[in-house]
Amino acid sequence: MFDSLQDGLKGAFKSLRGKGKLTEGNMRDGLKMVEQSLLEADVSYDVVKAFMANVSEKALGEKVLLSLKPAEQLVGIVNEELVNLLGPVDDTLRLDKPVNVIMMCGLQGAGKTTTCGKLAKLLQRNKIEPLLVAADLQRPAAIDQLHVLGDSLNVPVYSDRETQDPIAVCNAAVAQAKANGNKVVILDTAGRLAIDTELMDQLKTIDRQVQPDHVFLVVDGMTGQDAVNSAAAFHEALELNGVVMTKLDGDARGGALLSVKHVTGVPIRFIGTGEHIDNLDYFRPEGMASRILGMGDMMALVDEAHKLVDEKEQQRMQEQLEKGQFSLEDFRDQMVKMAKPGLMQKMMGLLPGMPSMGEISKMMGDGDTSKQIRQMVGIIDSMTPAERKDPKLVDVGRKQRIAAGAGLQAKQVSDLIKQYDMMKPMLTGMAGMGAGDRMQQIQDLQRQMMNPGGKMPGVSNKGASKRLTPKQKKKLAKEREKLLRQRRREKKNQGDG
-18 MFDSLQDGLK GAFKSLRGKG KLTEGNMRDG LKMVEQSLLE ADVSYDVVKA FMANVSEKAL
42 GEKVLLSLKP AEQLVGIVNE ELVNLLGPVD DTLRLDKPVN VIMMCGLQGA GKTTTCGKLA
102 KLLQRNKIEP LLVAADLQRP AAIDQLHVLG DSLNVPVYSD RETQDPIAVC NAAVAQAKAN
162 GNKVVILDTA GRLAIDTELM DQLKTIDRQV QPDHVFLVVD GMTGQDAVNS AAAFHEALEL
222 NGVVMTKLDG DARGGALLSV KHVTGVPIRF IGTGEHIDNL DYFRPEGMAS RILGMGDMMA
282 LVDEAHKLVD EKEQQRMQEQ LEKGQFSLED FRDQMVKMAK PGLMQKMMGL LPGMPSMGEI
342 SKMMGDGDTS KQIRQMVGII DSMTPAERKD PKLVDVGRKQ RIAAGAGLQA KQVSDLIKQY
402 DMMKPMLTGM AGMGAGDRMQ QIQDLQRQMM NPGGKMPGVS NKGASKRLTP KQKKKLAKER
462 EKLLRQRRRE KKNQGDG
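Position 356 (the sequence shown) corresponds to 337 in this note's numbering; numbering is contiguous.
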């Protein structure tokens, strides 16, 4: 997603940084490159025109041109205007009633039924048990598909194959939700290959008689400006509460996502970022703008990490980390969970300064991540329990033995231990913090990781990592340990008070 737009914007900023002196003339040249990148990403012309007018007004002011780092200021201006273009968005789903009805609509092929299942999964993570409703009676396979999704999630599905009246199905489902104590009802309504009068009349009738609390339109992000046009047509008929944009993990150029709010006035509320049932996220303009500019999205990265473990395991890990305990077995367990297809690439794409997703896939061997993880797991499994608990026991001779047991080279054993040594102080250091301090640490880390060239320190243009020196690692470990002790003292003082 946004690979071409990222590359275009990086090119524009790089051209300005290369100037010995920044003038109004070469700033205009840079802005022209920004404009061209947006148009090539299939952003609506009217949106680009309005966006560039705002950016140009700020970028050509004396405050920017005469500043010490005008190119970096331009990055900040573009980031601010991207956030304004995409937001504001309420990133919470208000469910204030005993039974809250969510109506999902959209054209066939946009991923509406699958999105209903993904939304149910998202609600489950928040301790809410929904009821899925098969109200798409035009396509018999949609009913079967929803039941399969419901079974996989252990979520009840209401359907009635004896009727062709979707309003009756919706009303009966709401009554059942009240009787069974389901707080949320998700209506999977009918779609069409194209917008027509019959479809809109049916949706209007459901909207009028069932009176849903939220009406979300599911649109295919791969369809570009057609997605914006369909959003405008649906909103005219139904007064949408928001848009769910799907298939943003593919080669979508991103124009629809950047255009839909400005053109229709309807905010994007959720984004689908993969085929897995977990791949539905609340839309955050700040995070998306940061991703577009290659600065990553650390909050989204934390959310992805939380999805990997259940609440009990999170609590257990938290307690261990607060004690400074993070063994290679814990490291192994996390690696196994990250072996889902595409998950490693996705999480890497959320880090600041990383290349585009296409480049990451090439770097990692086009989906060969699972092989690399299997090798890491094989190394750890070849260790003794004592070595997994304390990798300092692994000397040169033992590295040879472990490598032979895993069918790998001793250098790969050394590399794994180095990765573990880098992760442990960071994880244990953050464990002692409260939620607010931890988020501040994440945001500080994100700022520190970005240098003026827009790359992560220690990462070349080709994405090859440079390792920390032993002296740097030792200093980092000391800083983390000092922070951890400070947090423990604060917690103890609060308890004594």
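Even for Gly, the Cβ is constructed at its ideal location relative to N, Cα and C. Predicted, not measured: the structure shown is a model, and the values here were computed from it.
Checklist entry - How about Gln25 and Leu(-14): do their beta carbons lie closer than 7 Å? => result Per the sequence shown, residue 25 should be read as Ser rather than Gln. No; because the gap between Cβ atoms is not below 7 Å, this pair is not in contact.
Item to check | Residue range of the beta strand (DSSP E) that includes Pro111 | outcome: Element bounds for Pro111: Pro111 to Ala116.
Item to check | C-beta contact flag for Leu493 and Arg173 at 7 Å | outcome: The requested residue 493 is not part of the displayed model; the chain covers only -18 to 478.
Item to check | Distance between Thr254 and Asp230 (C-alpha atoms, nearest Å) | outcome: Pairing Asp230 with Thr254, the inter-Cα distance amounts to about 5 Å.
Next on the checklist: Among the candidates Asn35, Pro372, Gly57 and Leu67, whose CA atom is the shortest distance from the CA of Asp311?
Outcome noted: Pro372
Next on the checklist: If contact is defined by three or more beta carbon pairs under 8 Å, each pair taking one atom from either stretch, is the stretch 31 to 39 in contact with the stretch -7 to 3?
Outcome noted: no
Checklist entry - In terms of residues, what are the limits of the beta strand (DSSP E) holding Phe251? => result Ile249 to Gly253
Checklist entry - Out of Arg313, Thr227 and Gly223, which has the shortest C-alpha to C-alpha gap to Gly68? => result Gly223
Checklist entry - Count the other CB atoms within 10 Å of the CB of Asp(-16); is the residue buried (16 or more) or exposed (fewer)? => result It is buried - the Cβ of Asp(-16) has at least 16 other Cβ atoms within 10 Å.
Checklist entry - Out of curiosity, what's the CA-to-CA distance linking Asp259 and Leu130? => result 12 Å
Checklist entry - Given 8 Å as the limit, is there contact between the stretch 184 to 196 and the stretch 136 to 144, that is, 3 or more CB pairs closer than that? => result As far as the Cβ criterion goes, the stretch 184 to 196 does not touch the stretch 136 to 144, which means the pair count is below three.
Checklist entry - Are Val150 and Ala116 close, meaning C-beta to C-beta below 7 Å? => result Yes, these two residues count as a Cβ contact at 7 Å.
Item to check | Local conformation of Gly386 per DSSP, three classes | outcome: helix
Checklist entry - Going by other Cβ atoms of all chains shown within 10 Å of its Cβ, with 16 needed for buried, is Arg466 buried or exposed? => result exposed
Next on the checklist: So, at 8 Å on beta carbons, what are the nonlocal neighbours of Arg120 in its own chain, with the 5 sequence-adjacent residues on each side left out?
Outcome noted: Gln89, Ala171 and Gly172
Checklist entry - Under 7 Å, do Gly202 and Met226 count as touching if we go by C-beta distance? => result yes
Checklist entry - Can you pull the DSSP bridge partners for Asp262? => result The partner list for Asp262 (beta bridge, DSSP) reads Ile252.
Next on the checklist: Between which two residues does the beta strand (DSSP E) holding Thr227 run?
Outcome noted: Gly223 to Thr227
Item to check | Integer-rounded CB distance, given that Ala40 should sit under 8 Å from Leu12 | outcome: 6 Å
Item to check | Opposing strand residues paired with Leu134 [DSSP bridges] | outcome: Leu134 pairs with nothing; no bridge assigned.
Checklist entry - If Ile187 sits next to Ile249, beta carbons under 8 Å apart, how far is it from one beta carbon to the other, in whole angstroms? => result That belief does not hold up - the Cβ atoms of Ile187 and Ile249 are roughly 23 Å apart, past 8 Å.
Checklist entry - From Lys159 to Val80, what distance separates their C-alpha atoms? => result 7 Å
Item to check | Residue interval of the alpha helix (DSSP H) (run including Asp146) | outcome: Segment: none, Asp146 is in no alpha helix (DSSP H) and carries neither H nor E.
Checklist entry - Which residue or residues does DSSP assign as beta-bridge partners of Asn81? => result Val165
Checklist entry - For Thr94, is the classification buried or exposed, using 16 other Cβ atoms within 10 angstroms of its Cβ as the cut-off for buried? => result buried
Checklist entry - Since Ile360 contacts Val317 with CB under 8 Å, what's their CB separation in whole angstroms? => result About 13 Å separates the two Cβ atoms, so there is no contact after all.
Checklist entry - How many whole angstroms separate the CB atoms of Leu265 and Asp72, which I take to be in contact at a CB cut-off of 8 Å? => result The question names Leu, yet the displayed sequence has Arg at residue 265. With a Cβ gap of about 6 Å, Arg265 and Asp72 count as contacting.
Checklist entry - Roughly how many angstroms separate the alpha carbons of Ala385 and Asp314, rounded to a whole number? => result Whole-angstrom Cα-Cα distance: 22 Å.
Checklist entry - Where do the N-terminal and C-terminal ends of the alpha helix (DSSP H) with Leu100 fall, by residue? => result Lys93 to Arg106
Next on the checklist: Excluding the 5 residues flanking Ile273 on each side, which residues of the same chain have their C-beta closer than 8 Å to its C-beta?
Outcome noted: Cβ within range, chain order: Phe(-17), Leu(-14), Gln(-13), Leu(-10), Leu63 and Gly235.
Item to check | Proximity to Asp262 [Cα-Cα], best of Ala213, Ile124, Cys97 and Phe307 | outcome: Cys97
Next on the checklist: Starting from Val191, trace the beta strand (DSSP E) in both directions and tell me its first and last residue.
Outcome noted: That residue, Val191, is in no beta strand (DSSP E); its alpha helix (DSSP H) goes Thr178 to Val191.
Checklist entry - Taking DSSP as the reference, what is the three-state secondary structure of Val24? => result DSSP, reduced to helix, strand and coil, places Val24 outside both helices and strands of the structure shown, so it counts as coil.
Item to check | Segment contact, 8 Å Cβ cut-off, at least three pairs: the stretch 106 to 115 with the stretch 133 to 141 | outcome: yes
Item to check | Distance, Glu300 Cα to Val375 Cα | outcome: 26 Å
Item to check | Bounding residues of the beta strand (DSSP E) (the contiguous stretch that carries Leu198) | outcome: According to the DSSP assignment, Leu198 belongs to the beta strand (DSSP E) that extends over His195 to Asp201.
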